[in-house]
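Chemist: If you scroll down you'll find the structure; I have some questions about it.
Number of protein chains: 4
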Amino acid sequence: MRVTVWGENVHERRDPSVAAIYPEGMHEAIAAGLRERLGGEAEVRTATLDEPEQGLGEEVLGATDVLVWWGHVAHGEVADAIVDRVQERVLAGMGLIVLHSGHFSKIFRRLMGTSCTLRWREAGEKERVWNVAPGHPITDGIGEHFEIPHSEMYGERFDIPEPDKLIFLSWFAGGDVFRSGCTFERGAGRIFYFSPGDQEYPVYHHPDVQRVLANAVRWAAPRLREAPAGSPNSPVGWWK
Amino acid sequence: MRVTVWGENVHERRDPSVAAIYPEGMHEAIAAGLRERLGGEAEVRTATLDEPEQGLGEEVLGATDVLVWWGHVAHGEVADAIVDRVQERVLAGMGLIVLHSGHFSKIFRRLMGTSCTLRWREAGEKERVWNVAPGHPITDGIGEHFEIPHSEMYGERFDIPEPDKLIFLSWFAGGDVFRSGCTFERGAGRIFYFSPGDQEYPVYHHPDVQRVLANAVRWAAPRLREAPAGSPNSPVGWWK
Amino acid sequence: MRVTVWGENVHERRDPSVAAIYPEGMHEAIAAGLRERLGGEAEVRTATLDEPEQGLGEEVLGATDVLVWWGHVAHGEVADAIVDRVQERVLAGMGLIVLHSGHFSKIFRRLMGTSCTLRWREAGEKERVWNVAPGHPITDGIGEHFEIPHSEMYGERFDIPEPDKLIFLSWFAGGDVFRSGCTFERGAGRIFYFSPGDQEYPVYHHPDVQRVLANAVRWAAPRLREAPAGSPNSPVGWWK
Amino acid sequence: MRVTVWGENVHERRDPSVAAIYPEGMHEAIAAGLRERLGGEAEVRTATLDEPEQGLGEEVLGATDVLVWWGHVAHGEVADAIVDRVQERVLAGMGLIVLHSGHFSKIFRRLMGTSCTLRWREAGEKERVWNVAPGHPITDGIGEHFEIPHSEMYGERFDIPEPDKLIFLSWFAGGDVFRSGCTFERGAGRIFYFSPGDQEYPVYHHPDVQRVLANAVRWAAPRLREAPAGSPNSPVGWWK
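Listed in order, the protein sequences are those of chains A, B, C and D.
Position one of the first sequence corresponds to residue 855 (the working numbering), numbered consecutively onward.
Position one of the second sequence corresponds to residue 855 (the working numbering), numbered consecutively onward.
Position one of the third sequence corresponds to residue 855 (the working numbering), numbered consecutively onward.
Position one of the fourth sequence corresponds to residue 855 (the working numbering), numbered consecutively onward.
Written as structure tokens, this is what we have:
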């Protein structure tokens, strides 16, 4: 299983408060958590926006079974041609894990078809993440709920299509709720959106968050590695 | 209820076989069927690709509750700015009925997020349309199934997200099946895809097809007429 | 549109605190709210457990388009034959609105196939009900959220099948969340589960709750009034 | 992974035509196919209606991760207490594969909440099974479609809740279509209904059918082995 963690890597180099939490960048922290939990099951690499082809060349994507995406302030800089390429790979079977502010990334909006708007508040408040899908592979080892002591609030209404499966629901001390873990299937690919994870809080060091991400990578790993046929003309009697 | 039937209006002016079936254009035939069945419930107008702003200016869309879409050979000519505008209106609540080859229109692919590919065959074969949602408003007055004596085959696998509700399943004499009637909700808008309706067959004169379309327009009519809020920052204590 | 509000009518006659809020019984308060809001659109009657055939004889059900259900301490007293009858009517198209503690009624568990367990707490805490389906008929006229100042807490995990459509999500001051408004379609019938409404709080006098219930009755009203065919043997050549 | 294949084992002992195809019983043929394909991954045992506790005592179910169910003429003989027990196990996480005429079994109807009626015809006609979920674990190794030369027709409308995921759609030579492979999640358990498999045809010797069943067992295997909590009262301040 080959995993690529993509990060825009902007906050970490610009904002000392973020660099203090994630000195190697958020993508490296996420990758480290996956390496520790997946061990020999997966090869985990990282890629960033400032690399050639924005880190997502044909070769990288061709060698990626599951792509993890973190972006925030640089969504607009991601080239449309890269978004086309990632979409095509997802429809052909590549797994995609979209994190937190990635709700507004071009690739997530492209795959959802909706605005992906939501409410938000930066107040470091408590978030309680409720497990509403016991028995699902993504909640393996997760109890009834877990807590993030300080979190950015993401709240409803979240403008997404009805998820294929609702996995987590979050409660916020300030009065909001959020569908914080959702699965979607598009083409032959599996997508998991998971909202905890702002740059200002050490959320990716949280053991339950790390466990969810490792579970999600396993769940999203593809069975297909090439796209199903396009739109074939099926001549009369083709099946005889 | 204000309905706009949009047609690309290319085949009808170019192909004598199509003009013979639809002398006023397919859009006019579809509109006539809706007018007859909806009567005073709806004002039905038409719009075509060759009109200013491709028939879909702000004023037209602002006065449209349900948009019906038929396109085929000219999908690529529809301007991206028009697609943006239609998408925005759908998310704000406008109903959208996408017909037949509209599966490959920019607006449908945009809203689905998938390739919308399918199998096809032009052999004038029999299509039997099975009603799998008795009790749904779109099947009101439709029996267990109806038949289209000569139809273009559209077959699986159809690359769409899992529909919110499967309404019709089609059987084709040549050995294929198709999810021929599907509903989707996106933002505050309702979308119905209905596959019968090739330009080479008089499908839009079929009474059951006309009934389905009239039902679909009623079902897709909006409850909201302005978009819900975007992504508001919700300050601490906003709700006290 | 003929609506029957069924109430077990036990708390109201036994508990002075409940009788103080609902002197005519909860079913009468619910019915009064529907009558006021639906006006001439609907005939609203009530039925209770202590009536002949537990209020749900063939004649009553045969003249009911939408059944509203409130029960709590007497679920076990509802006869299985009555549950069979109600289930059969729902599958044939009758709408069903299940309220609050009705989550544990025989009819709801029968239709869901799951345990319908949930967490609960009787602490009179604040419930904020978030509208996650703007544009849906059931949320017509409802804003982004509304509040119930004192409510019994119903919390996740709620053991139901994935709803066809999630309508409301509730936040509770004590730290819980709940899928408080959910739609399901079973057979030709439409089901809406709505959790606010404990006997100890005047929830059915709340204007937004009343509006939701009136909307839900309209949404659940049937298009079919007789069951689709059972399991017919379809002989060879039946369709020629 | 511990698999139990349950068969009612009536046709095989009564009807020479069935015994000729399945001399050891259908359950043994299904089990043999699973053993061959799952190899060391699974222990596969069988159980039948004529055994003590109808083959499904506490001990057997407690040692079963996935239960495969084939029944037809003896649905009514299965004791309600056994059905309660199986349902409870499914909600606690046990996988359940329901085959063919099992659509009318007590356990399937219990879990669906609907009538599970369908159309049918015994004419030995051709069935083509279309794969509409490429990329799903259950279709691993299955192409665009496969054929069963002689099959009993099961056709729409099939009265089930909207499946969580539609996996296969069948085409029948006689003019019918069917949702022949459907997944459902109930409680913590996963359910797969697969319609091919009448007692009069050697369907369970078909290599693609065997592959689908082996894939389905893998997919349905539980992550949980004990039920989540019931309906706990959550006292004020429980989470501090």
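We put the beta carbon where it would ideally sit given N, CA and C, even for glycine.
Express the C-alpha separation of Gly1029(D) and Trp1093(C) in angstroms, rounding to a whole number.
Modeler: Within the third sequence, residue 1093(C) is the residue found at index 239, counting from 1. Within the fourth sequence, residue 1029(D) is the residue found at index 175, counting from 1. Interpretation of Trp1093(C) is limited by its pLDDT of 47, a score under 50 that renders its predicted location unreliable; no figure is taken from the coordinates.
Chemist: Check whether the Cβ atoms of Gln1053(C) and Val898(C) sit closer than 7 Å, and answer yes or no.
Modeler: Taking the third sequence and counting its residues from 1, the one referred to as residue 1053(C) is at position 199. Taking the third sequence and counting its residues from 1, the one referred to as residue 898(C) is at position 44. Not a contact, by the Cβ cut-off of 7 Å.
Chemist: Among the candidates Ile1021(A), Met1007(A) and Glu1010(A), whose CA atom is the shortest distance from the CA of His999(A)?
Modeler: In the first sequence, counting from the first residue as 1, residue 999(A) sits at position 145. Of the listed residues, the one whose Cα sits closest to His999(A) is Ile1021(A).
Chemist: Roughly how many angstroms lie between the CA atoms of Gly989(D) and Glu862(D), to the nearest whole one?
Modeler: In the fourth sequence, counting from the first residue as 1, residue 989(D) sits at position 135. In the fourth sequence, counting from the first residue as 1, residue 862(D) sits at position 8. Near 33 Å, if we compare the C-alpha coordinates of Glu862(D) and Gly989(D).
Chemist: Applying the 10 Å Cβ sphere with the 16-neighbour rule, what's the burial state of Asn985(B)?
Modeler: Translated into the one-based positions of the second sequence, residue 985(B) becomes position 131. Per the 10 Å Cβ criterion, buried.
Chemist: Can you grab the Cα-Cα spacing for the pair Leu950(C) / Pro991(C), in whole Å?
Modeler: The residue given as residue 950(C) occupies position 96 in the third sequence. The residue given as residue 991(C) occupies position 137 in the third sequence. Distance between the alpha carbons of Leu950(C) and Pro991(C): 16 Å.
Chemist: Pick out whichever of Leu953(C), Glu907(C), Leu1067(C) and Gly879(C) has its Cα sitting closest to the Cα of Ala933(C).
Modeler: As a working note, residue 933(C) is residue 79 in the third sequence. The option with the nearest alpha carbon to Ala933(C) is Glu907(C).
Chemist: In chain order, what residues of the same chain have a beta carbon less than 7 Å from the beta carbon of Ser955(B), not counting five sequence neighbours either side?
Modeler: For this step, residue 955(B) is matched to residue 101 along the second sequence. Counting only Cβ-Cβ distances below 7 Å, and skipping sequence neighbours, we find Gly925 and His926.
Chemist: With a 10 Å radius around its C-beta and 16 neighbouring C-beta atoms as the bar for buried, classify Ala883(B) as buried or exposed.
Modeler: Position 29 of the second sequence, counted from the start, is the residue given in the question as residue 883(B). Classification for Ala883(B): buried.
Chemist: May I ask you to report which of helix, strand or coil DSSP gives His999(D)?
Modeler: In the fourth sequence, the residue the question calls residue 999(D) occupies position 145. Reduced to three states, the DSSP call for His999(D) is strand.
Chemist: Report the CB separation of Leu1067(A) from Leu888(A) in whole angstroms; it is logged as a contact under 8 Å.
Modeler: On the first sequence, position 213 is the one that residue 1067(A) refers to. On the first sequence, position 34 is the one that residue 888(A) refers to. Between Leu888(A) and Leu1067(A) the Cβ distance is about 6 Å, and since that is below 8 Å, they are a contact.
Chemist: What are the start and end residues of each continuous alpha helix (DSSP H) run of 4 or more residues lying completely inside the stretch 918-952 of chain B, in chain order?
Modeler: Within the stretch 918-952 of chain B, the complete alpha helix (DSSP H) runs of at least 4 residues are 934-945.
Chemist: Hey, which unbroken runs of the alpha helix (DSSP H) at 4 residues or more fall wholly within the stretch 955-1020 of chain A?
Modeler: List check, alpha helix (DSSP H) in window: 960-966.
Chemist: In this structure, does DSSP put Arg891(A) in helix, strand or coil?
Modeler: What you label residue 891(A) is simply residue 37 of the first sequence in a count that begins at 1. Residue state, collapsed to three classes: helix.
Chemist: Let me know the secondary structure DSSP gives Arg868(B) once reduced to three states.
Modeler: Locating residue 868(B) in the second sequence gives position 14, counting from the first residue. Of the three classes helix, strand and coil, the one that applies to Arg868(B) here is helix, per DSSP.
Chemist: With a cut-off of 8 Å on the beta carbons, I'd call Phe1046(C) and Ala1075(C) a contact; round off their distance for me.
Modeler: Within the third sequence, numbered from 1, the residue matching residue 1046(C) stands at position 192. Within the third sequence, numbered from 1, the residue matching residue 1075(C) stands at position 221. About 11 Å separates the two Cβ atoms, so there is no contact after all.
Chemist: Candidates Ser959(B), Leu892(B), Ser969(B) and Val1063(B): which alpha carbon is nearest Arg1011(B)'s?
Modeler: Along the second sequence, one-based indexing puts residue 1011(B) at 157. For Arg1011(B), the nearest C-alpha among the options comes from Ser969(B).
Chemist: Strictly under 7 Å for the Cβ-Cβ distance: is Pro1086(D) near chain C by that measure?
Modeler: Walking along the fourth sequence from the start, residue 1086(D) turns up at place 232. Cβ-Cβ to chain C under 7 Å: yes for Pro1086(D).
Chemist: Let me check one thing: in DSSP terms, what residues is Ile1045(A) bridge-paired to?
Modeler: The sequence position of residue 1045(A) within the first sequence is 191, counting from 1. According to DSSP, Ile1045(A) bridges with Leu950(A) and Phe1038(A).
Chemist: How about Arg1077(C): is its C-beta nearer than 7 Å to some C-beta of chain B?
Modeler: On the third sequence, position 223 is the one that residue 1077(C) refers to. For Arg1077(C), the answer is yes, since a Cβ of chain B falls inside 7 Å of its Cβ.
Chemist: What whole-angstrom Cβ distance do Glu1016(A) and Asp1018(B) have, given they're in contact under 8 Å?
Modeler: The sequence position of residue 1016(A) within the first sequence is 162, counting from 1. The sequence position of residue 1018(B) within the second sequence is 164, counting from 1. Indeed they touch by this definition, with Cβ atoms about 6 Å apart.
Chemist: Report the neighbours of Thr968(D) on chain C: residues whose CB is nearer than 7 Å to its CB, in chain order.
Modeler: On the fourth sequence, residue 968(D) is found 114 positions in, with the first residue counted as 1. Here the neighbours are Leu945, Arg1040 and Gly1041.
Chemist: Can you tell me the Cα-Cα spacing of Val1031(A) and Glu942(D), whole angstroms?
Modeler: The sequence position of residue 1031(A) within the first sequence is 177, counting from 1. The sequence position of residue 942(D) within the fourth sequence is 88, counting from 1. Going by the C-alpha atoms only, they are around 31 Å apart.
Chemist: Should Thr971(D) and Ala901(D) be called a contact, given that it needs their Cβ atoms to be closer than 7 Å?
Modeler: Translated into positions along the fourth sequence, residue 971(D) becomes position 117. Translated into positions along the fourth sequence, residue 901(D) becomes position 47. Contact: no.
Chemist: To the nearest angstrom, report how far apart Leu953(A) and Ile936(C) are at their CA atoms.
Modeler: Along the first sequence, one-based indexing puts residue 953(A) at 99. Along the third sequence, one-based indexing puts residue 936(C) at 82. So the alpha carbons of these two residues sit roughly 49 Å apart.
Chemist: I need the boundaries of the beta strand (DSSP E) containing Gly861(C), first residue and last residue.
Modeler: Within the third sequence, numbered from 1, the residue matching residue 861(C) stands at position 7. Looking at the DSSP string, the run of the beta strand (DSSP E) that includes Gly861(C) is Arg856 to Gly861.
Chemist: Opposite Trp1073(C) in the DSSP bridges: which residues?
Modeler: Residue mapping note: residue 1073(C) aligns to position 219 of the third sequence, counting from 1. Looking at the DSSP assignment, Trp1073(C) forms no beta bridge with any residue, so it has no partner.
Chemist: Select from Gly995(C), Pro1003(C), Ser1034(C) and Ile996(C) the residue whose C-alpha is nearest the C-alpha of Gly1009(C).
Modeler: Your numbering for residue 1009(C) matches position 155 in the third sequence. For Gly1009(C), the nearest C-alpha among the options comes from Ser1034(C).
Chemist: Starting from the beta carbon of Asp1030(D), find every residue of chain B whose beta carbon is closer than 7 Å, and list them in chain order.
Modeler: Working through the fourth sequence from its first residue, we reach residue 1030(D) at position 176. By Cβ distance, chain B contributes Trp1025.
Chemist: Kindly indicate which three-state DSSP category Glu912(B) falls into: helix, strand or coil?
Modeler: Start at 1 with the first residue of the second sequence, and residue 912(B) comes out as number 58. Three-state result, Glu912(B): helix.
Chemist: When you check each C-beta in the stretch 980-993 of chain C against every C-beta of chain A, which residues fall closer than 7 Å?
Modeler: The stretch 980-993 of chain C vs chain A, Cβ under 7 Å: Arg982, Trp984, Asn985, Val986 and Pro988.
Chemist: Output the distance between the C-alpha atoms of Ile996(A) and Asp1062(A), rounded to the nearest integer angstrom.
Modeler: Residue 996(A) sits at position 142 when you count from the first residue of the first sequence. Residue 1062(A) sits at position 208 when you count from the first residue of the first sequence. So the alpha carbons of these two residues sit roughly 7 Å apart.
Chemist: Can you pull the chain C neighbours of Trp1073(D), defined as C-beta to C-beta under 7 Å?
Modeler: Translated into positions along the fourth sequence, residue 1073(D) becomes position 219. Those do not exist, as Trp1073(D) stays about 17 Å from chain C at its closest Cβ, beyond 7 Å.
Chemist: Determine, for Arg1011(D), whether the minimum Cβ-Cβ distance to residues of chain B falls below 7 Å.
Modeler: Position 157 of the fourth sequence, counted from the first residue, corresponds to residue 1011(D). Yes - at least one Cβ of chain B is within 7 Å of the one on Arg1011(D).
Chemist: Under the three-state reduction of DSSP, which class applies to Ala873(B): helix, strand or coil?
Modeler: As a working note, residue 873(B) is residue 19 in the second sequence. The answer is helix: DSSP assigns Ala873(B) an H, G or I state.
Chemist: What in chain D is Cβ-close to Arg889(C), meaning under 9 Å?
Modeler: Locating residue 889(C) in the third sequence gives position 35, where the first residue counts as 1. What Arg889(C) touches in chain D: nothing, since even the nearest Cβ is about 31 Å away.
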